[in-house]
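A.B. asks: Here you go, one structure.
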Amino acid sequence: MRTRLKIAGALSAFGIAAAGLIGGFEGLRTTAYLDPVGIPTVCYGETRGVKLGDRHTAEECQAMLGDALIEFEQDMRACLDRPDEIPDGPYTAFLSLSYNIGAGAFCRSTLVRLANAGDLRGACNQLPRWNRAGGRVLKGLVNRRAKEREICLAGLDGPVTVPGKAPEAAPAPQTEPPAVMPDAAAGIDQGGSPLAWLGVAGIALLVLALVVLLVRRMRR
Numbered sequence: 002m003r004t005r006l007k008i009a010g011a012l013s014a015f016g017i018a019a020a021g022l023i024g025g026f027e028g029l030r031t032t033a034y035l036d037p038v039g040i041p042t043v044c045y046g047e048t049r050g051v052k053l054g055d056r057h058t059a060e061e062c063q064a065m066l067g068d069a070l071i072e073f074e075q076d077m078r079a080c081l082d083r084p085d086e087i088p089d090g091p092y093t094a095f096l097s098l099s100y101n102i103g104a105g106a107f108c109r110s111t112l113v114r115l116a117n118a119g120d121l122r123g124a125c126n127q128l129p130r131w132n133r134a135g136g137r138v139l140k141g142l143v144n145r146r147a148k149e150r151e152i153c154l155a156g157l158d159g160p161v162t163v164p165g166k167a168p169e170a171a172p173a174p175q176t177e178p179p180a181v182m183p184d185a186a187a188g189i190d191q192g193g194s195p196l197a198w199l200g201v202a203g204i205a206l207l208v209l210a211l212v213v214l215l216v217r218r219m220r221r
């Protein structure tokens, strides 16, 4: 079983980054709730075998997400003709979409047809089309697809670092569901999480500080 997400039985650096990105998109809820379509959901958008009243720790949710991504990766690879030739950027974006809309919908999509025809740029540009749930365009999905497309296209133009980190628990339990809740089967989510982009901001600040220091030394 080929995978980019695990090395020697543990999540790889790529897998950790991908889980952080997708976990940030989905959002964490440790107590099961009904999503807007009425499907019991828990943790990072998990719907399979979930019933109301289910509770998990943040650590259990992280493990659940990692296991689910491995499964979705295998389903995704099964419908891509040359998955090992796809750069990390598009690979991550495709995995995020597959996890959100379900492997069946992903494999039947025009995106997959274009990717298998060798048109990865065209496949990336298909991502914004998946912005509806229940017949409505959702802002959270619009934002998510825009970020997925950005990562997808960046991976075609050169090396890409997937922004993200290990998913974390929310600072305080939510008493009510947010306006748009995650639903991997129906493609509903909360939009991107600021946590997923903190790593990028930190790197930018570090580079800026190094540039300022270099300029000061040159002036001496």
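Under the numbering used here, residues 2 to 221 are what the sequence shown spells out, in order. Note that the Cβ used here is the ideal one computed from N, Cα and C, for glycine as well.
Give a yes or no on contact between the stretch 142-159 and the stretch 73-82, applying the rule of three or more CB pairs nearer than 8 Å.
C.D. replies: Contact fails: fewer than three Cβ-Cβ distances are below 8 Å.
A.B. asks: Does the stretch 63-74 touch the stretch 121-129, meaning 3 or more C-beta pairs lie closer than 8 Å?
C.D. replies: Too few Cβ pairs lie closer than 8 Å, so no.
A.B. asks: Suppose the cutoff is 6 Å on Cβ atoms and the five residues either side in sequence are ignored; what does the same chain contact list for residue 108 look like?
C.D. replies: Excluding sequence neighbours, residue 108 sits near 80.
A.B. asks: For residue 44, which three-state DSSP category applies?
C.D. replies: Note: residue 44 maps to strand in three-state DSSP.
A.B. asks: Going by C-alpha to C-alpha distance, which of 17, 77 and 149 sits closest to residue 106?
C.D. replies: Ranking the options by Cα distance to residue 106, first place goes to 77.
A.B. asks: Applying the 10 Å Cβ sphere with the 16-neighbour rule, what's the burial state of residue 85?
C.D. replies: Label assigned to residue 85: exposed.
A.B. asks: Put residue 109 into one of helix, strand or coil per three-state DSSP.
C.D. replies: Residue 109: coil per DSSP, three-state reduction.
A.B. asks: Residue 27 and residue 46 look like a contact to me (Cβ under 8 Å); what is the Cβ gap, rounded to whole Å?
C.D. replies: Between residue 46 and residue 27 the Cβ distance is about 4 Å, and since that is below 8 Å, they are a contact.
A.B. asks: DSSP three-state label for residue 8, please.
C.D. replies: Strand at residue 8.
A.B. asks: Quick check on the DSSP output: what are the complete alpha helix (DSSP H) runs of length 4 or more inside the stretch 120-150, in order along the chain?
C.D. replies: List check, alpha helix (DSSP H) in window: 121-125.
A.B. asks: Which residues in the same chain have their Cβ closer than 7 Å to the Cβ of residue 4, if we skip the five residues on either side of it in sequence?
C.D. replies: 71 and 74.
A.B. asks: Alpha carbon to alpha carbon, how far is residue 13 from residue 7? Give it in angstroms, no decimals.
C.D. replies: Taking the straight line from one Cα to the other gives about 5 Å.
A.B. asks: Note down the Cα distance separating residue 149 from residue 101, rounded to an integer number of angstroms.
C.D. replies: Cα-Cα distance, rounded: 12 Å.
A.B. asks: Within 10 Å of its beta-carbon, does residue 21 have 16 or more other beta-carbons around it, so buried, or fewer, so exposed?
C.D. replies: Its Cβ being crowded by 16 or more others within 10 Å, residue 21 is buried.
A.B. asks: Out of 117, 110 and 120, which has the shortest C-alpha to C-alpha gap to residue 131?
C.D. replies: With distances taken between Cα atoms, residue 131 lies closest to 110.
A.B. asks: Would you identify the three-state DSSP class for residue 1, choosing helix, strand or coil?
C.D. replies: An answer regarding residue 1 cannot be provided, because it is not within the stretch 2 to 221 covered by the chain.
A.B. asks: Determine the DSSP secondary structure at residue 22, reduced to helix, strand or coil.
C.D. replies: Correct three-state label for residue 22: helix.
A.B. asks: Tell me whether residue 118 sits in a helix, a strand or coil according to DSSP, three-state version.
C.D. replies: Three-state result, residue 118: coil.
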